[in-house]
Amino acid sequence: MMTALMDSRIQGNLHLPTYERAIRAENLKALARRWHIARSSELVDPRVIARWFPGQRNLLELLALLSEDEVIKLADCSHPLFSMMIHTGLLPTTSASLVQPGEFEAANRQEAFMALAVRVDSIKTSFDEACVLFDLSMSEAVHVRRFGPHELWDISANPGLVMFPVASDHYFEAAATRDLTSSQKTQFMVMSRRSKNRIH
């Protein structure tokens, strides 16, 4: 799904700390996935959009108007633009059995797996900073840090684990239409971030 330009942009950030590269890659890949869907010539059932991209209709409408380079600039932020609900009911054994075949299901599983891996890595690096950065409760962080890569892959099969934006619509509109630096976008994102608990 990612184009060579987007891949090269991620690889070009090797001078940044690992956690920041992971966040920028997550932002870019999540936006790129939605950008491809928004610009698809095939109409996607609104119920499918609502299922896999909850609360993202405005974002998809905006992305449909943007070029690839504009999407890259939109993602150029050192703060996570997306989040997910991680609860103690998410377990490898019960989640893996819920996997369903299909394009959206497979793409969502891959996206969820990478997001979980980024969060676990950040939690193991600095528990408190990870909780603040990814808006995780202590119980969420304690629960998910117990799992290794294969277990996270099983958990990511749970169809209830979807990513949603914590960046406000105002952030996306401003970042897309104004000539902001990466630092300015990050500051604006922090100030305008929505708590995931207020979204769900």
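Everything in the sequence shown is counted per my numbering, starting at 9 for the first residue and increasing by one. We put the CB at the ideal spot given by N, CA and C, even for glycine.
Rounded C-alpha distance that separates residue i from residue j
i, j, result
"residue 197", "residue 173", "11 Å"
"residue 65", "residue 74", "15 Å"
"residue 69", "residue 140", "30 Å"
"residue 101", "residue 185", "45 Å"
"residue 178", "residue 188", "14 Å"
"residue 111", "residue 56", "11 Å"
"residue 113", "residue 120", "10 Å"
"residue 24", "residue 88", "15 Å"
"residue 136", "residue 50", "44 Å"
"residue 9", "residue 30", "Per-residue confidence for residue 9 stands at a pLDDT of 47, beneath the threshold of 50, marking its modelled position as unreliable; the derived number appears in the next sentence. Cα to Cα, residue 9 sits roughly 18 Å from residue 30."
"residue 132", "residue 48", "38 Å"
"residue 156", "residue 134", "17 Å"
"residue 202", "residue 182", "16 Å"
"residue 36", "residue 98", "26 Å"
Integer Cβ distance of residue i from residue j, believed to fall under 8 Å
i, j, result
"residue 52", "residue 116", "Contact doesn't hold; Cβ gap of about 14 Å is too wide."
"residue 106", "residue 58", "Actually they do not touch by this definition, with Cβ atoms about 19 Å apart."
"residue 34", "residue 123", "6 Å"
"residue 180", "residue 67", "6 Å"
"residue 86", "residue 32", "7 Å"
"residue 147", "residue 96", "7 Å"
Which residues DSSP lists as bridging residue i, in chain order
i, result
"residue 172", "91"
Beta carbon of residue i nearer than 9 Å to that of residue j
i, j, result
"residue 4", "residue 127", "The displayed coordinates of the chain run from 9 to 208. Any statement about residue 4 would go beyond what the structure contains."
"residue 163", "residue 72", "no"
"residue 190", "residue 77", "no"
"residue 38", "residue 90", "yes"
"residue 61", "residue 80", "no"
"residue 145", "residue 175", "no"
"residue 160", "residue 152", "yes"
"residue 54", "residue 108", "no"
Residue i Cβ short of 8 Å to the ligand GTP heavy atom set
i, result
"residue 165", "This structure lacks the ligand GTP, and indeed carries no ligand of any kind."
Original post:
Residue ranges of each alpha helix (DSSP H) run of no fewer than 4 residues wholly in the stretch 35–121, ordered along the chain?
Top reply: 54–60, 65–71, 76–83, 100–104
- prompt: What are the start and end residues of each continuous alpha helix (DSSP H) run of 4 or more residues lying completely inside the stretch 118–200, in chain order?
  reply: 135–141, 146–152, 157–163, 177–185, 190–200
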